[in-house]
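J.:
Numbering (the numbering used here), first residue to last: 1164 to 1320.
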């Protein structure tokens, strides 16, 4: 699966860049009996459905023209916006998120939990500071970047 993601990322990147969009993420996942190739794109101000369709058409054409086929099984191609809870994967994703409310999942517990939501206050090369509300008390946690399994923007309720 990682080879599919790598190959599709390499194919999608020039298409997305040509339109001055950002390639946010590529996923190749099995849900039930079906495989889904999901390509997430964005741009400042957000991406619209016509732009997603345009990238989908161009990427689909490129994928169909390759021999041998880089994806041997049948799949559904979905090109969309990453949404309000956009994943934070690349360094520039984290840089843009300073001051935003984020969700962080950790490989191992820090304090009492492996999951935190809070405001990303400061970003350093090796760690980040997250202000969280723990049972009514506001606390700033320093989280090593290599301890983060996944991170995304979050909606504060």
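A virtual CB, placed ideally from N, CA and C, is assigned to each residue, including glycine.
Give the secondary structure of residue 1267 by DSSP, where H, G and I count as helix, E and B as strand, and everything else as coil.
T.: strand
J.: Residues in its own chain within less than 6 Å of residue 1188 by CB, not counting five upstream and five downstream?
T.: Shown here for residue 1188: same chain residues with a beta carbon closer than 6 Å to its own, the five before and five after excluded, namely 1203 and 1250 in chain order.
J.: Just how far apart, CA to CA, sit residue 1229 and residue 1223?
T.: 10 Å
J.: On a Cα-Cα basis, can you pick out the residue from 1206, 1263 and 1178 that is closest to residue 1244?
T.: 1206
J.: Considering only the beta carbon of each residue, do residue 1200 and residue 1238 sit closer than 8 Å?
T.: yes
J.: Give every residue of the same chain whose Cβ lies closer than 7 Å to the Cβ of residue 1119, excluding the five residues on either side of it in the sequence, and list them in chain order.
T.: With the chain covering 1164 to 1320 only, the question about residue 1119 has no answer from this structure.
J.: Would you mind stating whether residue 1311 and residue 1293 have Cβ atoms separated by less than 8 Å?
T.: no
J.: Which residues in the same chain have their Cβ closer than 6 Å to the Cβ of residue 1281, if we skip the five residues on either side of it in sequence?
T.: 1293, 1294 and 1295
J.: According to the Cβ coordinates, are residue 1210 and residue 1184 closer than 8 Å?
T.: Against a cut-off of 8 Å, the Cβ pair of residue 1184 and residue 1210 comes out as a contact.
J.: Residue 1212: buried (16+ other C-beta within 10 angstroms of its C-beta) or exposed?
T.: exposed
J.: Would you call residue 1175 buried or exposed, if buried means 16 or more other Cβ atoms sit within 10 Å of its Cβ?
T.: buried
J.: Where residue 1272 and residue 1169 are concerned, what is the direct C-alpha to C-alpha distance, given to the nearest angstrom?
T.: 30 Å
J.: Going by CA-CA distance only, name the one from 1316, 1217, 1279 and 1276 that's closest to residue 1264.
T.: If we check each option's Cα against that of residue 1264, 1316 comes out closest.
J.: Relative to the alpha-carbon of residue 1319, which residue among 1291, 1303 and 1279 has its alpha-carbon at the smallest distance?
T.: 1279
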